[in-house]
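Peer 1:
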Amino acid sequence: MLDARPLRVAIVGSGPSGMYAAGHLLESPAGTFFEHGLTKRVRHPISVDVIDRLPTPWGLIRGGVAPDHLDKKKIASIYEAIARRPGFRFIGNIQVGADVSVSELATWYDAVIYAIGCDGERRLSIPGEGLAGSCSAHRFVGWYNGQPDFSHQTFDLQTDRAVIVGNGNVAMDIARILLKSVDELQKTDIASHALKALEKSTIREVVILGRRGPKDAAFNFPELEELGELHDTAIVVEGGSALTQLSSNHCNGTNLETLRALCARQRTGRRRIVLRFDTSPLAVLGGSHVTGVRVASEGVEDEIKCGLLIAAIGYRGTALPGLPFDDIRGTIPSHEGRVIDSGKPVTGAYVAGWIRRGPRGIIGSNKKCARDAVMALLTDFELDRLPRLGTLAGDDVLARLRQQVPGATSFDHWKRIDQVERALGSNFARPRIKLTSLDELLKV
Ligand SMILES: Cc1cc2nc3c(=O)[nH]c(=O)nc-3n(C[C@H](O)[C@H](O)[C@H](O)COP(=O)(O)OP(=O)(O)OC[C@H]3O[C@@H](n4cnc5c(N)ncnc54)[C@H](O)[C@@H]3O)c2cc1C
Numbered sequence: 352m353l354d355a356r357p358l359r360v361a362i363v364g365s366g367p368s369g370m371y372a373a374g375h376l377l378e379s380p381a382g383t384f385f386e387h388g389l390t391k392r393v394r395h396p397i398s399v400d401v402i403d404r405l406p407t408p409w410g411l412i413r414g415g416v417a418p419d420h421l422d423k424k425k426i427a428s429i430y431e432a433i434a435r436r437p438g439f440r441f442i443g444n445i446q447v448g449a450d451v452s453v454s455e456l457a458t459w460y461d462a463v464i465y466a467i468g469c470d471g472e473r474r475l476s477i478p479g480e481g482l483a484g485s486c487s488a489h490r491f492v493g494w495y496n497g498q499p500d501f502s503h504q505t506f507d508l509q510t511d512r513a514v515i516v517g518n519g520n521v522a523m524d525i526a527r528i529l530l531k532s533v534d535e536l537q538k539t540d541i542a543s544h545a546l547k548a549l550e551k552s553t554i555r556e557v558v559i560l561g562r563r564g565p566k567d568a569a570f571n572f573p574e575l576e577e578l579g580e581l582h583d584t585a586i587v588v589e590g591g592s593a594l595t596q597l598s599s600n601h602c603n604g605t606n607l608e609t610l611r612a613l614c615a616r617q618r619t620g621r622r623r624i625v626l627r628f629d630t631s632p633l634a635v636l637g638g639s640h641v642t643g644v645r646v647a648s649e650g651v652e653d654e655i656k657c658g659l660l661i662a663a664i665g666y667r668g669t670a671l672p673g674l675p676f677d678d679i680r681g682t683i684p685s686h687e688g689r690v691i692d693s694g695k696p697v698t699g700a701y702v703a704g705w706i707r708r709g710p711r712g713i714i715g716s717n718k719k720c721a722r723d724a725v726m727a728l729l730t731d732f733e734l735d736r737l738p739r740l741g742t743l744a745g746d747d748v749l750a751r752l753r754q755q756v757p758g759a760t761s762f763d764h765w766k767r768i769d770q771v772e773r774a775l776g777s778n779f780a781r782p783r784i785k786l787t788s789l790d791e792l793l794k795v
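Per the numbering used here, the sequence shown runs over residues 352 to 795.
#1: Sorted by chain position, which residues of the same chain lie with C-beta nearer than 7 Å to Ser365's C-beta, five sequence neighbours on each side aside?
#2: Check for me: the alpha helix (DSSP H) holding Ser716 runs from which residue to which?
#3: Could you tell me if the beta carbon of Thr365 falls within a distance shorter than 7 Å of some heavy atom in ligand 1?
#4: Cα separation between Val492 and Ser788?
#5: Quick check: the Cα distance between Val514 and Arg645, rounded to an integer number of angstroms?
#6: Can you pull the DSSP bridge partners for Val558?
#7: Can the beta-carbon of Arg667 be found less than 8 Å from the beta-carbon of Glu455?
#8: Is it true that the CB of Thr682 sits closer than 8 Å to the CB of Arg722?
#9: Compare the C-alpha of Ala373 against each of Ala466, Leu421, Pro406 and name the closest.
#10: Is Val725 near ligand 1, in the sense that its beta carbon is under 7 Å from a heavy atom of that ligand?
#11: Could you pull the start and end residues of the beta strand (DSSP E) that Ile442 belongs to?
#12: Can you round the beta-carbon distance between Arg368 and Leu482 to whole angstroms, since I take them to be within the 8 Å contact cut?
#13: Quick check on Phe570: buried or exposed, where buried means 16 or more other Cβ atoms within 10 Å of its Cβ?
#14: Cβ-heavy atom distance between Asp769 and ligand 1 below 7 Å?
#15: Tell me which residues share the same chain as Arg618 and place their Cβ nearer than 8 Å to its Cβ, disregarding the 5 neighbours each side in the sequence.
#16: Are the beta-carbon atoms belonging to Leu377 and Val363 less than 8 Å from one another?
#17: Excluding the 5 residues flanking Arg680 on each side, which residues of the same chain have their C-beta closer than 7 Å to its C-beta?
#18: Any heavy atom of ligand 1 closer than 7 Å to the beta-carbon of Val709?
#19: Starting from the Cα of Ile795, find the closest Cα among Phe779, Glu772, Asn778, Ser552 and give me that residue.
#20: Tell me which residues share the same chain as Leu775 and place their Cβ nearer than 6 Å to its Cβ, disregarding the 5 neighbours each side in the sequence.
#21: Counting only runs that start and end within the region 489 to 558, where is the beta strand (DSSP E) found for 3 or more residues in a row?
#22: Going by beta carbon distance, what residues of the same chain come within less than 7 Å of Ile655, once the five residues before and after it are set aside?
#23: Ordered along the chain, which non-local residues of its own chain (more than five positions away) have a Cβ less than 6 Å from that of Asp810?
#24: Do you know whose CA, among Arg622, Gly590, Val702, lies nearest Arg631's CA?
#25: Assign Asn496 to buried or exposed, taking buried as 16 or more other Cβ atoms, counted over all protein chains shown, within 10 Å of its Cβ.
#26: When the Cα atoms are used, what is the spatial distance from Val748 to Val697?
#27: When you compare only the Cα positions, how much space is there between Val533 and His420?
#28: Check Thr390 in the structure and name its three-state DSSP category.
#29: Assuming Asp583 and Arg621 are in contact, meaning their beta carbons sit under 8 Å apart, how far apart are those beta carbons, in whole angstroms?
#30: State the start and end residues of the unbroken beta strand (DSSP E) segment that holds Pro782.
#31: Does the distance between the C-beta of Ile467 and the nearest non-hydrogen atom of ligand 1 fall short of 7 Å?
#32: Helix or strand or just coil, what does DSSP make of Leu737?
#33: Going along the chain, which unbroken runs of the beta strand (DSSP E) with 3 or more residues stay wholly within the region 394 to 471?
#34: Using CA atoms only, rank isn't needed, just tell me which of Lys566, Val447, Tyr701 is closest to Leu671.
#35: State the DSSP-derived secondary structure class of Ala355, mapped to helix, strand or coil.
#36: Could I get the ranges of all uninterrupted beta strand (DSSP E) runs contained in the region 635 to 674, with 3 residues as the minimum, in chain order?
Here is the structure:
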């Protein structure tokens, strides 16, 4: 028999998947969840604590999405609205697996949804990868977005050419940021330290390497189109099959057509983006700092000189102590949103977002994924499969967490940070000036 007290759910991670899960759980003030907006699934009060390791919420919306994509960041207003629903609580600056354990959460809450994203990086695994001037997109993106883990990094942008390995949307974001003028970047929420470094940048050419031809390129049409909006920038395509594909009369497909149009339209410019296809990196070259990259293009080896090399070949999930982990896929193994260990569901543990599916898909893809986890959770609740023993009341959880981490942040704290950042920005006609170190954030 289900008792009347609220179902208490913790969601670990306040990125899109965590926030969509919170939204599904708190669809009505009574905590009712509607299947497809029609069928009532559970009518029971629910309270949700969204826990994040950072003092600020929204995951990659703040720390990943490109600073010049301010329109996409507006999605955060939906998450803010969810955060204001009765029963919601944000608890930031708590790292699950370090400050609090998976087994503690399992006893404090009736159920836990893990929505921790992919906080690691895939590596090139080629010689020279560790040289100064060679880094992952994860690090570079985190740096220009002012993510506290990477704010202390420095990048030497006093070089003519940067090479990006990988031609997905993240590579396109980085190329744009490297080549946009300071006036344009000023209008974005790029971290001030990155703006300063880019002000002094001498990069005039960005070469983007893709393993296969343009037909199989990982970028999407809108990101490609945006390259065409770069001022005074030529777009050049290199690589045998790419040129054949582009010049073929049978060349069709949105990306190919866009690429052909871009190259035709933007033949000259003080800056260049070279989309080099059918090319793989073999080794990063240099003594202590990168001076180039050795590549293989259709069986022929070649060297490209550069002073900055960024590997944009994907993010990767990292294991959370106390939970099973699929080391090959870099995900938490699951079935229909339930965490699975050796083929069996782990009672009261669910998973959503990139850590469930791997680092693929846009913001919206996480909505359905979060819904699956919530459906599984509420089904288990209805069938009395959740232990519901030893669950702590909301205030007791907070007291325990504060005991373990005195600097835990709340949604009100985040709103204060948000206000301060916007006010700082307005002094310089910028949308916001991000606070980028943990110290600064916690001080506010
Ligand atoms: C560089 C980049 C640019 C992108 N640009 C776009 C774009 O323009 N448009 C688009 O639609 N999609 C974009 N995406 C994809 C989009 O960001 C993802 O689909 C989405 O963020 C995945 O959501 P998530 O909730 O699974 O993970 P995340 O957004 O990564 O959220 C995970 C959260 O979990 C927290 N966390 C991690 N570990 C712990 C822990 N141990 N304890 C507590 N909290 C923890 C993290 O701090 C984070 O807040 C981009 C992705 C990247 C990497």
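Note that the Cβ used here is the ideal one computed from N, Cα and C, for glycine as well.
Peer 2: By the coordinates alone:
#1: Spatial neighbours of Ser365 in its own chain (CB-CB distance under 7 Å, excluding positions within 5 residues in sequence) are listed in chain order as Val401, Asp403, Pro408, Trp409, Gly410, Phe441.
#2: Taken as a continuous stretch (DSSP letters only), the alpha helix (DSSP H) holding Ser716 covers 716 to 733.
#3: Here residue 365 is Ser; the residue named in the question, Thr, does not match the sequence. Relative to ligand 1, Ser365 has its C-beta within less than 7 Å of a heavy atom.
#4: Taking the straight line joining both Cα atoms gives about 15 Å.
#5: Cα-Cα distance, rounded: 11 Å.
#6: Per DSSP, Val514, Val625.
#7: Contact check for Arg667 against Glu455 fails: the beta carbons are separated by 8 Å or more.
#8: The criterion of a C-beta distance shorter than 8 Å is not satisfied by Arg722 and Thr682.
#9: Among Ala466, Leu421, Pro406, the Cα nearest to that of Ala373 is on Ala466.
#10: For ligand 1, not one heavy atom lies less than 7 Å from the Cβ of Val725.
#11: Counting along the chain, the beta strand (DSSP E) containing Ile442 begins and ends at 439 to 442.
#12: Reading off the sequence, residue 368 comes out as Ser, not Arg. Actually they do not touch by this definition, with Cβ atoms about 35 Å apart.
#13: With 16 or more other Cβ atoms within 10 Å, it is buried.
#14: No, the Cβ of Asp769 stays beyond 7 Å of every heavy atom of ligand 1.
#15: Spatial neighbours of Arg618 in its own chain (CB-CB distance under 8 Å, excluding positions within 5 residues in sequence) are listed in chain order as Ala585.
#16: Going by C-beta atoms, Leu377 is not nearer than 8 Å to Val363.
#17: Excluding the 5 residues flanking it on each side, Arg680 has same chain C-beta neighbours closer than 7 Å at Gly709, in chain order.
#18: As written in the sequence, residue 709 is Gly, which differs from the Val given in the question. No; taking the cut-off as 7 Å, the Cβ of Gly709 has no heavy atom of ligand 1 nearer than that.
#19: With the sequence shown as reference, residue 795 is identified as Val, and Ile is not the correct amino acid for it. Among Phe779, Glu772, Asn778, Ser552, the Cα nearest to that of Val795 is on Glu772.
#20: Correct list, in chain order: Ile784.
#21: Counting only runs of 3 or more, we get 512 to 516.
#22: Around Ile655, the same chain offers Val514, Val558, Gly643, Val644, Val646 as residues with beta carbons nearer than 7 Å, after the five sequence neighbours per side are excluded.
#23: Limits of the chain in this structure are 352 at one end and 795 at the other, which puts residue 810 out of reach.
#24: For the record, residue 631 in the displayed sequence is Ser; it is not Arg. When each option's Cα is compared against that of Ser631, the closest is Gly590.
#25: The residue in question, Asn496, is buried, as its Cβ has 16 or more Cβ neighbours within 10 Å.
#26: Their Cα atoms are separated by approximately 22 Å.
#27: About 16 Å.
#28: With a pLDDT of 47 at Thr390, under the threshold of 50, the predicted position of this residue should be treated as unreliable, and no value is reported.
#29: About 5 Å separates the beta carbon of Asp583 from that of Arg621, a gap short enough to meet the 8 Å contact definition.
#30: Note, Pro782: premise wrong, no beta strand (DSSP E); not H, not E.
#31: True, at least one ligand heavy atom lies under 7 Å from that Cβ.
#32: Leu737: coil per DSSP, three-state reduction.
#33: Runs of the beta strand (DSSP E) inside the region 394 to 471: 397 to 402, 439 to 442, 462 to 465.
#34: Of the candidates Lys566, Val447, Tyr701, the one whose C-alpha sits nearest the C-alpha of Leu671 is Val447.
#35: In the displayed model, Ala355 falls within coil according to three-state DSSP, outside both helix and strand.
#36: Complete beta strand (DSSP E) runs here, min 3: 641 to 648, 651 to 656, 659 to 662.
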